[in-house]
Amino acid sequence: MELEETGEKRTSWYVSPGETNSIPCDHAGKKRKQDPGPESVIRIMEDEEEDEEGEMMCDHMKDSEEPSNKRVKPVGKSNSLTGVITPVKTPALKRIGQSISRSISFRTEARPLPPAALRPRSKASSFPRRRNSQCWSDTVESHDLTVKEIKRQEVIYELTQGERQLIDDLSLVKKVYYEPMLKLDIMTESELGQIFGTLDSLIPLHQDLLGRLERLRGSEKTVGEVGPTLMNWFPCLEAYVTYCCNQVGAKALLDQKKLEKRVEHFLRLCQESSFSRKLDLWNFLDLPRSRLVKYPLLLKEIQKCTPADHPDEDTLPDALELIQSIVAEVNKKTGEAECQFYRRGLSYLEESQRLPEIQQSRFLYCHGELKNNKGQRLHVFLFELALVLSRPAEERDGFQVFNVYRQPLPNALINLEEIPDGEAAGGGTFRGAFTGGNDKVRNCFRVSSRGRSKLHPYCLQANDSFSKQQWITCLRQAIVHSRDKMAQTSQSQLSPHADPALYHIAELSLSSDTEMADHTSR
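The numbers in this note's numbering rise by one with no breaks, and the one at position 347 of the sequence shown is 411.
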């Protein structure tokens, strides 16, 4: 929970608890997103050196300080949604980790390099600047394995290296961020506890798996049977429920603390240092979640490369089913925590706005910024059972407050109308807010309530066509889900303790009094 923000608003999407599709989020060897920050200008200056020599050092160090994003031997292509994102397929786990893409530019000047020799740095960094992109085949001198078995060993090696890198990063977070901020009193121990959560307890958990995997390697550096080891270890990942559920509030508190100069200055210095690989604190805090959703993908690749007569052929399917169920459970609990977090931040201006459907909702389909027909920016929440329009307000007790705008709508009563792009904005309905000076409307849709004539329809505009389609897809799914749930509730209104004869009466046609009498006499 997929990073500093650029001010650009993003809509968050959630998949209902019945769906378990997860967007792949790799930790081992894959490129991580980077936050847009102020342009980085790297200068290495020695005392009494000329400015030109410093610029030459800048050019020389640029390549060495960038994080390695190479992947020498890809394991295989997964069903990534990077290019084409299927609507309503991003779970809460992923949504918490999602953020605005980042870029870091280097400013250099086109000058001829001075002939002076570069002096070496007096002190090397304690942490590597590059990720080790070594493959399994690079660690062995010779082997007589088949192509399929080589690929299997590569995936298992990637699994092992991913654990090692995660342990290194979590240890770095504790040593470089948590301990100095506590010692320097940049944040209180309580605030750090809320932001870092149970991260410290995850380190020995992954150290355990790493030790088990390394013990499986034989004299030829190959791993035979890995299924039973993973089956025995995966239940430990239930500890992620607590960590991931805490991430929603942790991110909100961290964003709030970044507004303080001391905190912002410390975090900026850390991000500009070589050990961070240009990643900010939240990138590191989100690594465990990213690792969790990677396990099913790695297991599928191992299973794909496992021969039919291999001992793992019997255990890998069970291990895959187990990890998928754990990821689904963590995703469900995280969605519930996110729903509760935002529901707690709603401020009702009228008592009539407190719909029971809001309190009964267990998760969010999506939430984000939309414009109304007056051009006002609203933060809209599509809960499981209700649609809530709100306006962001000042924080209260460390929580973001959203003032509820107008009357919320129960999803079961929503009428949804898509407004085609290019439709003329006639009658002054849109008051020119959606048209931008033109006579055409773009990326708009309308929601209204069935059977409530007093409520005016809400005309809303998304930032772009993709966001509009996501909202429409989520709304349609929410409407169907709510109406189905309402129908099931209506059918179950009969008390299970009622006289069984009444069930027969309910099933009868009233055309025959004699038939009804026969049933009631039974």
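The C-beta atom is built at its ideal place from N, Cα and C for all residues, glycine as well. Since this is a predicted model, take the numbers as computed values, not measurements.
query: Between which two residues does the beta strand (DSSP E) harbouring V452 extend?
result: In the sequence shown, residue 452 corresponds to position 388, counting from 1. Unbroken beta strand (DSSP E) run through V452: A450 to R460.
- Look at the alpha carbon of T84 and the alpha carbon of E385, and state the distance between them as a whole number of angstroms. Reading the sequence shown from its first residue, position 20 is the one you call residue 84. Reading the sequence shown from its first residue, position 321 is the one you call residue 385. Low local confidence applies: a pLDDT of 44 at T84 is under 50, so the model's placement there is unreliable, with the coordinate-based value given in what follows. The alpha-carbon atoms of T84 and E385 are separated by roughly 12 angstroms.
Problem - Whole-angstrom C-beta distance between L453 and Y522, which should lie under 8 angstroms - result: To locate residue 522, count along the sequence shown from 1; it is residue 458. To locate residue 453, count along the sequence shown from 1; it is residue 389. Yes, Y522 and L453 are in contact; Cβ-Cβ is about 7 angstroms, under 8 angstroms.
| field | Residues near D376 in its chain [Cβ-Cβ closer than 7 angstroms; skip 5 each side] | value | Position 312 of the sequence shown, counting from 1, holds the residue named residue 376. Here the set comprises E289, V290, G291 and T370.
Open item on the list: For Y469, which residues in the same chain have their Cβ closer than 7 angstroms to its Cβ, ignoring the five residues on either side in sequence?
Closed with: Position 405 of the sequence shown, counted from the first residue, corresponds to residue 469. Contacts found: L442, L453, S454 and R455.
Residues near I543 in its chain [Cβ-Cβ closer than 8 angstroms; skip 5 each side]:
By one-based count along the sequence shown, residue 543 stands at place 479. N475, A476, I478 and L480, listed in sequence order.
task: Return yes when the Cβ of Y241 is within less than 8 angstroms of the Cβ of C308, no when it is not.
output: Here residue 308 is taken as the residue at index 244 of the sequence shown, counted from 1. Here residue 241 is taken as the residue at index 177 of the sequence shown, counted from 1. Result no, Cβ atoms of C308 and Y241 do not sit closer than 8 angstroms.
H329 to D344, Cα distance in whole Å? Against the sequence shown, residue 329 aligns to sequence position 265. Against the sequence shown, residue 344 aligns to sequence position 280. Rounded to whole angstroms, H329 to D344 spans 12 angstroms at the Cα level.
Q. Among residues of its own chain, excluding the 5 on either side of K25, which ones have a beta-carbon nearer than 6 angstroms to its beta-carbon?
A. With the chain running from 65 to 586 in the structure shown, residue 25 is simply not present.
Quiz item: With burial defined as no fewer than 16 other Cβ atoms inside 10 Å of the residue's Cβ, what is the status of P299: buried or exposed?
Solution: Here residue 299 is taken as the residue at index 235 of the sequence shown, counted from 1. Looking at its Cβ environment, which holds fewer than 16 other Cβ atoms inside 10 Å, P299 is exposed.
Own chain partners of D264 with C-beta closer than 7 angstroms, once the 5 adjacent residues on each side are dropped: As a position in the sequence shown, residue 264 is number 200, starting the count at 1. The answer, listed in chain order, is K238.
Practice problem: Give, in chain order, every unbroken run of the beta strand (DSSP E) that is at least 3 residues long and sits entirely within the region 395–472. | Solution: 428–435, 441–447, 450–460 and 463–468
Local Cβ density within 10 Å of D319, reported as buried at 16 or more and exposed below that
Counting from 1 along the sequence shown, the entry for residue 319 is found at position 255. Counting Cβ neighbours within 10 Å, D319 comes out exposed, since fewer than 16 surround it.
Practice item. Drop a sphere of 10 angstroms on the beta-carbon of S513, count the other beta-carbons inside from all chains shown, and report buried for 16 or more, exposed for fewer. Key: Here residue 513 corresponds to residue number 449 of the sequence shown, with the count starting at 1. Result: buried.
- When G261, T398, N347 and L473 are compared against R667, the one with the closest alpha-carbon: Because the chain in this structure spans residues 65 to 586, residue 667 falls outside the shown range and cannot be described.
Item to complete: Go ahead and label C538 buried or exposed: buried means 16 or more other beta carbons lie within 10 angstroms of its beta carbon, across all protein chains shown.
Response: Numbered from its first residue, the sequence shown carries residue 538 at position 474. Looking at its Cβ environment, which holds 16 or more other Cβ atoms inside 10 Å, C538 is buried.
Backbone secondary structure at I250 - three-state DSSP: The sequence position of residue 250 within the sequence shown is 186, counting from 1. Coil.
_Using only the alpha-carbon positions, how far apart do D373 and L428 sit?_
The sequence position of residue 373 within the sequence shown is 309, counting from 1. The sequence position of residue 428 within the sequence shown is 364, counting from 1. Cα atoms of D373 and L428: separation of roughly 45 angstroms, rounded to the nearest angstrom.
Problem - Beta-carbon spacing of V305, V394 below 8 angstroms - result: The residue given as residue 305 occupies position 241 in the sequence shown. The residue given as residue 394 occupies position 330 in the sequence shown. Yes, the pair counts as a contact, with Cβ atoms nearer than the cut-off.
query = So what's V357 in DSSP terms, helix, strand or just coil?
reply = Residue mapping note: residue 357 aligns to position 293 of the sequence shown, counting from 1. Looking at V357 - three-state DSSP - the assignment turns out to be coil, as it is neither helix nor strand.
Just to confirm the assignment: which complete alpha helix (DSSP H) runs, minimum length 4, are found wholly within the region 267–328? 291–297 and 304–321
- Just the Cα atoms here: how many angstroms apart are E117 and K342? By one-based count along the sequence shown, residue 117 stands at place 53. By one-based count along the sequence shown, residue 342 stands at place 278. Here the model assigns E117 a pLDDT of 43, short of 50, so the residue's position is not dependable and the matter cannot be decided.
Taking Cβ positions, are S235 and I267 nearer each other than 8 angstroms?
Along the sequence shown, one-based indexing puts residue 235 at 171. Along the sequence shown, one-based indexing puts residue 267 at 203. Cβ distance < 8 angstroms, so S235 and I267 count as in contact.
Rounded to whole angstroms, what is the Cα-Cα separation between R506 and L331? Residue numbering aside, residue 506 sits at position 442 when the sequence shown is read from its first letter. Residue numbering aside, residue 331 sits at position 267 when the sequence shown is read from its first letter. Cα to Cα, the separation comes out at about 40 angstroms.
Cβ atoms of A450 and I422: under 8 angstroms apart, would you say?
Start at 1 with the first residue of the sequence shown, and residue 422 comes out as number 358. Start at 1 with the first residue of the sequence shown, and residue 450 comes out as number 386. Closer than 8 angstroms, so yes.
Legend entry - Collapsed DSSP secondary structure at V511 in the structure displayed: For the purposes of this step, residue 511 is identified with residue 447 of the sequence shown, where counting begins at 1. In this structure, V511 counts as strand in the three-state DSSP scheme.
Taking all protein chains shown into account, decide if R216 is buried (16 or more other Cβ within 10 angstroms of its Cβ) or exposed.
-> Reading the sequence shown from its first residue, position 152 is the one you call residue 216. R216 is buried by the Cβ-count criterion.
Item to check | Beta-carbon separation (whole angstroms), T293 vs L269, contact threshold 8 angstroms | outcome: One-based indexing of the sequence shown puts residue 293 at position 229. One-based indexing of the sequence shown puts residue 269 at position 205. Actually they do not touch by this definition, with Cβ atoms about 14 angstroms apart.
* May I ask you to report which of helix, strand or coil DSSP gives L480? => Position 416 of the sequence shown, counted from the first residue, corresponds to residue 480. L480 falls in the strand class under three-state DSSP.
Selection from L248, I214 and N436 that minimises the alpha carbon distance to K285:
Numbered from 1 along the sequence shown, position 221 holds the residue referred to as residue 285. That would be I214, whose Cα lies nearest to the Cα of K285.
> Who pairs with P352 in a beta bridge, going by DSSP?
Replying inline: Reading the sequence shown from its first residue, position 288 is the one you call residue 352. Bridge partners of P352: none, in fact.
message = With DSSP as the reference, identify every bridge partner of L524, one or two as the case may be.
response = Locating residue 524 in the sequence shown gives position 460, counting from the first residue. Bridge partners of L524: F509.
- [ ] For P375, name the three-state secondary structure that DSSP assigns.
- [x] Position 311 of the sequence shown, counting from 1, holds the residue named residue 375. When DSSP states are grouped into helix, strand and coil, P375 belongs to the coil group.
Within this structure, are the beta carbons of D233 and M295 separated by less than 8 angstroms?
Stepping through the sequence shown from its first residue, residue 233 is reached at position 169. Stepping through the sequence shown from its first residue, residue 295 is reached at position 231. Not a contact, by the Cβ cut-off of 8 angstroms.
Bridge partners for P381 per DSSP, in chain order?
Taking the first residue of the sequence shown as 1, we reach residue 381 at position 317. Checking the DSSP bridge columns, you'll see P381 has no partner listed.
Notebook entry, point to check: Would you report the Cα separation of L349 and G257, rounded to the nearest angstrom?
Noted result: Here residue 349 refers to the residue found at position 285 when the sequence shown is read from its first residue. Here residue 257 refers to the residue found at position 193 when the sequence shown is read from its first residue. Distance between the alpha carbons of L349 and G257 is about 12 angstroms.
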